[in-house]
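Peer 1: One line per chain: the protein sequences are R and U, in this order.
The working numbering puts the first residue of the first sequence at 39, with every later residue one more than the last.
The working numbering puts the first residue of the second sequence at 6, with every later residue one more than the last.
Could you have a look at this structure, given as structure tokens, before my questions?
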Amino acid sequence: MWTEFRKEHAWQIKEFFFTLKLLRRNPSAVAGFVIIVLMVLMALSASFLSPYDPIRISLKDRLSPPALTHLFGTDELGRDILSRIMYGSRISLRIGVLVILIAGGMGSVIGAISGYLGQKIDNLIMRVMDVILSFPPLVLAMALAAALGPSLNNAILAVAFVMIPKFARMVRGEALAVKEKQFITAARASGAKSLWIVLHHILPNCFSSVIILATLILGETILIAASLSFIGLGAQPPTPEWGAMVSVGRKFLMDQWWYATFPGLFILITVIGFNIFGDALRDILDPRIRR
Amino acid sequence: MAEPLLAVRDLSIQFFTYQGVVQALENVNLTIQSGEIMGLVGETGCGKSVMARSVLRLIPDPPGKITGGEILFKGEDILKAHWRRLREIRGNRISMVFQEPMSSLNPVFTVGNQMEEVIILHQEVNRSRAQEICIQMLQQVKMPDPERVLGKYPHELSGGMRQRVMIAMELSCRPDLLIADEPTTALDVTVQGQVLTILDDLVRRIGVSVLFISHDLGVIAQLCDRVSVMYAGKIVETASVRNLFAAPYHPYTQGLLQAIPSVDKDRDSLMVIPGVVPRLINPPGGCRFHPRCTKRFDPCDHIVPKLFEVAPDHEVACHLYGEARG
Numbered sequence: 039m040w041t042e043f044r045k046e047h048a049w050q051i052k053e054f055f056f057t058l059k060l061l062r063r064n065p066s067a068v069a070g071f072v073i074i075v076l077m078v079l080m081a082l083s084a085s086f087l088s089p090y091d092p093i094r095i096s097l098k099d100r101l102s103p104p105a106l107t108h109l110f111g112t113d114e115l116g117r118d119i120l121s122r123i124m125y126g127s128r129i130s131l132r133i134g135v136l137v138i139l140i141a142g143g144m145g146s147v148i149g150a151i152s153g154y155l156g157q158k159i160d161n162l163i164m165r166v167m168d169v170i171l172s173f174p175p176l177v178l179a180m181a182l183a184a185a186l187g188p189s190l191n192n193a194i195l196a197v198a199f200v201m202i203p204k205f206a207r208m209v210r211g212e213a214l215a216v217k218e219k220q221f222i223t224a225a226r227a228s229g230a231k232s233l234w235i236v237l238h239h240i241l242p243n244c245f246s247s248v249i250i251l252a253t254l255i256l257g258e259t260i261l262i263a264a265s266l267s268f269i270g271l272g273a274q275p276p277t278p279e280w281g282a283m284v285s286v287g288r289k290f291l292m293d294q295w296w297y298a299t300f301p302g303l304f305i306l307i308t309v310i311g312f313n314i315f316g317d318a319l320r321d322i323l324d325p326r327i328r329r
Numbered sequence: 006m007a008e009p010l011l012a013v014r015d016l017s018i019q020f021f022t023y024q025g026v027v028q029a030l031e032n033v034n035l036t037i038q039s040g041e042i043m044g045l046v047g048e049t050g051c052g053k054s055v056m057a058r059s060v061l062r063l064i065p066d067p068p069g070k071i072t073g074g075e076i077l078f079k080g081e082d083i084l085k086a087h088w089r090r091l092r093e094i095r096g097n098r099i100s101m102v103f104q105e106p107m108s109s110l111n112p113v114f115t116v117g118n119q120m121e122e123v124i125i126l127h128q129e130v131n132r133s134r135a136q137e138i139c140i141q142m143l144q145q146v147k148m149p150d151p152e153r154v155l156g157k158y159p160h161e162l163s164g165g166m167r168q169r170v171m172i173a174m175e176l177s178c179r180p181d182l183l184i185a186d187e188p189t190t191a192l193d194v195t196v197q198g199q200v201l202t203i204l205d206d207l208v209r210r211i212g213v214s215v216l217f218i219s220h221d222l223g224v225i226a227q228l229c230d231r232v233s234v235m236y237a238g239k240i241v242e243t244a245s246v247r248n249l250f251a252a253p254y255h256p257y258t259q260g261l262l263q264a265i266p267s268v269d270k271d272r273d274s275l276m277v278i279p280g281v282v283p284r285l286i287n288p289p290g291g292c293r294f295h296p297r298c299t300k301r302f303d304p305c306d307h308i309v310p311k312l313f314e315v316a317p318d319h320e321v322a323c324h325l326y327g328e329a330r331g
């Protein structure tokens with residue numbers, strides 16, 4: 039069974055291992071991948087690896103500097119910052135994944151419809167996307183989050199909305215190329231509906247670019263979400279969100295440097311990790327610069 | 006004579022481009038009887054594919070526009086059909102095989118997946134029954150090991166296999182008419198022969214009518230019952246294959262037949278028709294062939310010749326034979 043599978047799909051298996059080999063050779067891909075894996079592991083194991091309860095208040099330990107008992111120190115309520123960072127990674131990842139799912143899904147469908155139908159509908163959709171893009175993403179997300187009311191879920195919706203045009207524009211471009219292919223005409227000649235052609239023939243052929251864009255955007259997403267929390271429009275206390283921690287910690291930055299520094303450092307590392315991995319992935323999967 | 010399966014009457018199609026209006030087809034007439042294999046032959050760019058696509062209304066609009074005429078399929082005008090009705094016809098009553106087997110299948114799905122979709126779209130069957138039909142069809146196009154082919158992706162098949170998959174797929178709903186737009190052009194000669202034999206065999210057995218488009222007169226002679234010769238967006242001659250090859254009337258057809266290299270005659274150089282196919286933005290007036298024609302005379306450059314019957318089952322549009330002035 040396994041040997042047969044290996045024989046049947048020899049070509050795909052070869053390509054897959056070749057891609058892995060290229061990834062391994064690319065130092066920034068490896069670095070990014072390691073960061074992402076560590077992030078995910080940290081999020082998964084937060085509940086049994088974190089030394090303290092992230093929201094338990096212990097006023098006698100407040101604002102103690104990094105030491106063996108509290109590696110990253112404690113905040114103004116005596117909560118362990120390391121534990122809060124570990125739990126915070128769950129929230130950041132959740133934001134990232136949800137935003138990518140919502141924005142990637144909606145943006146891809148919108149872009150594919152726009153590119154396939156063309157003409158007036160394309161023009162209409164793309165001008166709407168241009169309007170969204172003309173605002174700085176953070177400012178627009180802020181306005182939306184403020185209008186929806188401050189909460190983590192609203193922040194996710196706001197960031198997703200801002201990210202939709204990025205996917206829509208890219209998928210539209212791909213769709214314009216895919217729709218000229220013969221199999222689209224062939225599908226129309228066999229009586230397929232437009233919606234079916236968009237979902238079944240156009241979208242799957244744009245999928246590889248969507249994945250690459252998703253990895254590239256994940257970092258930015260986490261950053262914007264952290265920014266929203268920083269100004270109080272995202273996660274609400276006592277949720278251990280990195281941006282929110284930096285926000286509160288900045289009041290103590292002069293005397294208790296560790297409070298804002300460590301969460302900020304983790305935002306930085308995570309964003310860099312996703313960005314360099316996305317960059318490397320794009321380079322490696324591009325057949326023109328491959329090999 | 007019974008009502009023809011497909012009757013194209015005075016069809017004109019124009020493309021509106023930045024350089025001007027391209028008159029891709031002008032007053033084209035074509036009929037296909039049930040069970041008949043009709044050939045359509047002509048040089049590159051003379052409007053064969055436009056013709057083929059217009060039957061299923063696949064001309065992109067804009068820039069293309071059907072400016073006149075009608076396409077009657079079993080008496081029903083396809084050009085006036087509601088899009089819902091059109092979808093019922095496409096792939097079910099009339100289906101189409103394209104020129105490039107390389108890009109006619111979606112690269113991200115298996116062959117079986119794509120074949121089953123067409124069947125499920127038009128017939129009320131479940132997936133396992135659709136799969137049986139697929140296997141049957143693949144056997145009929147002489148595909149070795151059809152069960153395994155169903156699980157393969159298009160890139161794993163050769164060009165000939167892919168084209169056979171396309172033929173199997175397009176015939177799976179037992180259409181009344183199959184439009185084959187140069188189905189063997191992209192294949193090499195031996196594979197071309199195989200695919201043609203399979204196609205011939207299968208359509209005669211199922212009783213499908215075919216509109217077979219090609220620029221290869223040899224292929225047409227092998228496969229078709231009747232043939233129309235197209236030049237610069239117009240049909241210049243229509244006849245049974247036997248008549249056309251035995252006694253071509255139109256100077257263009259005569260030129261085409263003389264341009265076929267022959268193995269048994271000793272010839273130093275090939276006969277060619279002087280000049281090139283005119284651009285269709287500003288086609289020559291009168292007979293569109295007159296600038297290249299060796300037999301042109303007075304009326305050719307200003308009177309458009311009409312198709313008329315010069316011999317039984319043989320129509321030609323040329324002033325040489327008198328009545329064309331109409």
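Even for Gly, the Cβ is constructed at its ideal location relative to N, Cα and C.
All of these numbers come straight from a predicted model, not from anything done at the bench.
#1: Using a Cβ-Cβ cut-off of less than 8 Å, give me the residues of the stretch 202 to 236 of chain R that come near chain U, in sequence order.
#2: Which bits of chain U does N161(R) rub up against, with CB to CB less than 8 Å?
#3: Going by DSSP, which residues form a beta bridge with Q19(U)?
#4: Of the choices Y257(U), M276(U), V27(U), T258(U), whose alpha-carbon is the least far from that of P266(U)?
#5: Just the Cα atoms here: how many angstroms apart are L46(U) and Y254(U)?
#6: Counting only beta-carbon atoms, is N118(U) nearer than 7 Å to chain R?
#7: Tell me L77(U)'s beta-bridge partners as DSSP assigns them.
#8: When the Cβ atoms of the stretch 96 to 104 of chain R are set against those of the stretch 66 to 73 of chain R, are three or more pairs found closer than 8 Å?
#9: Going along chain R, which residues have a C-beta under 7 Å from M101(U)?
#10: How far does the beta strand (DSSP E) with Y5(U) in it extend, from its first residue to its last?
#11: So, under 8 Å CB-CB, D186(U) and F103(U) are touching, yes? Tell me the CB distance rounded to an integer number of Å.
#12: Mind listing the chain R neighbours of S109(U)? Cutoff is C-beta to C-beta under 8 Å, in chain order.
#13: At what residue ranges does the stretch 201 to 231 of chain U contain a whole run of the alpha helix (DSSP H), taking only runs of 4 or more?
#14: Measure the beta-carbon distance from L266(R) to A193(R) and round it to whole angstroms, keeping in mind my assumption that it falls under 8 Å.
#15: Determine, using beta carbons only, whether V146(U) and I172(U) come nearer to each other than 7 Å.
#16: Taking the straight line between their C-alpha atoms, what separation do you get for G331(U) and Q263(U)?
#17: From G142(R) to M201(R), what distance separates their C-alpha atoms?
#18: Select from Q28(U), M101(U), R89(U) the residue whose C-alpha is nearest the C-alpha of F217(U).
#19: Name, please, each residue of chain R whose Cβ falls closer than 7 Å to the Cβ of G96(U).
#20: Residues of chain R with a CB under 8 Å from the CB of V200(U): which are they?
#21: Rounded to whole angstroms, what's the CA-CA distance from A329(U) to V321(U)? Just pull it up for me.
#22: Shortest alpha-carbon distance to A227(R) belongs to which of K79(U), P180(U), D193(U), G198(U)?
#23: Find the residues of chain R that neighbour L126(U), judging by a C-beta separation of less than 8 Å, and give them in chain order.
#24: So if DSSP puts R95(U) in a beta bridge, which residue, or which two residues, is it bridged to?
#25: How far does the beta strand (DSSP E) with F313(U) in it reach, from first residue to last?
#26: Say whether chain U places a C-beta atom closer than 7 Å to the C-beta of N191(R).
Peer 2: In short, the structure shows the following:
#1: Sequence-ordered contacts of the stretch 202 to 236 of chain R with chain U read K219, Q220, F221, T223, A224, A225, R226, A227, S228, G229, A230, K231 [C-beta pairs closer than 8 Å].
#2: Walking along the first sequence from the start, residue 161(R) turns up at place 123. Those do not exist, as N161(R) stays about 14 Å from chain U at its closest Cβ, beyond 8 Å.
#3: If you number the second sequence from 1, residue 19(U) lands on position 14. Paired residue(s): Q28(U), K70(U).
#4: As a first step, residue 266(U) must be located in the second sequence, where it is residue number 261. It is M276(U) whose Cα lies nearest to the Cα of P266(U).
#5: Along the second sequence, one-based indexing puts residue 46(U) at 41. Along the second sequence, one-based indexing puts residue 254(U) at 249. Per the sequence shown, residue 46(U) should be read as Val rather than Leu. Distance between the alpha carbons of V46(U) and Y254(U): 15 Å.
#6: Position 113 of the second sequence, counted from the start, is the residue given in the question as residue 118(U). Proximity of N118(U) to chain R, defined by a Cβ-Cβ separation below 7 Å, is not satisfied.
#7: Counting from 1 along the second sequence, the entry for residue 77(U) is found at position 72. Beta bridge pairing from DSSP links L77(U) with A12(U), D82(U).
#8: No, they do not touch.
#9: Mapped onto the second sequence, residue 101(U) falls at position 96. Simply A227.
#10: Limits of chain U in this structure are 6 at one end and 331 at the other, which puts residue 5(U) out of reach.
#11: Translated into the one-based positions of the second sequence, residue 186(U) becomes position 181. Translated into the one-based positions of the second sequence, residue 103(U) becomes position 98. About 6 Å; that satisfies the 8 Å criterion.
#12: As a working note, residue 109(U) is residue 104 in the second sequence. Q220, F221, A224, listed in chain order.
#13: You should have 222 to 228.
#14: The sequence position of residue 266(R) within the first sequence is 228, counting from 1. The sequence position of residue 193(R) within the first sequence is 155, counting from 1. The beta carbons of L266(R) and A193(R) sit about 5 Å from each other, so the pair counts as a contact at 8 Å.
#15: Along the second sequence, one-based indexing puts residue 146(U) at 141. Along the second sequence, one-based indexing puts residue 172(U) at 167. Cβ atoms of V146(U) and I172(U): closer than 7 Å.
#16: Taking the first residue of the second sequence as 1, we reach residue 331(U) at position 326. Taking the first residue of the second sequence as 1, we reach residue 263(U) at position 258. The predicted model places G331(U) with a pLDDT of 45, which falls under 50 and marks its position as unreliable; any figure quoted below should be read in that light. Approximately 29 Å, taken between the alpha carbons.
#17: Indexing the first sequence from 1 puts residue 142(R) at position 104. Indexing the first sequence from 1 puts residue 201(R) at position 163. One Cα belongs to G142(R), the other to M201(R), and the distance between them is close to 8 Å.
#18: Here residue 217(U) refers to the residue found at position 212 when the second sequence is read from its first residue. A check of alpha carbon separations from F217(U) across Q28(U), M101(U), R89(U) identifies M101(U) as the nearest.
#19: Locating residue 96(U) in the second sequence gives position 91, where the first residue counts as 1. Neighbours of G96(U) on chain R, chain order: A227, S228, G229.
#20: Along the second sequence, read from residue 1 onward, the residue named residue 200(U) stands at position 195. The contacting residues do not exist; V200(U) stays about 17 Å from chain R at best.
#21: Against the second sequence, residue 329(U) aligns to sequence position 324. Against the second sequence, residue 321(U) aligns to sequence position 316. Because the pLDDT at A329(U) is just 47, under 50, the model does not fix this residue reliably, and the value given afterwards should be weighed accordingly. Roughly 8 Å separates the two Cα atoms.
#22: Taking the first sequence and counting its residues from 1, the one referred to as residue 227(R) is at position 189. The residue with the shortest Cα to Cα distance from A227(R) is P180(U).
#23: Looking up residue 126(U) in the second sequence gives position 121. Within 8 Å Cβ-Cβ: S228, G229, A230.
#24: Here residue 95(U) refers to the residue found at position 90 when the second sequence is read from its first residue. The partner list for R95(U) (beta bridge, DSSP) reads I99(U).
#25: Within the second sequence, numbered from 1, the residue matching residue 313(U) stands at position 308. Annotation: the continuous beta strand (DSSP E) that includes F313(U) extends over 313 to 316.
#26: Along the first sequence, read from residue 1 onward, the residue named residue 191(R) stands at position 153. Output row for N191(R): interface = no.
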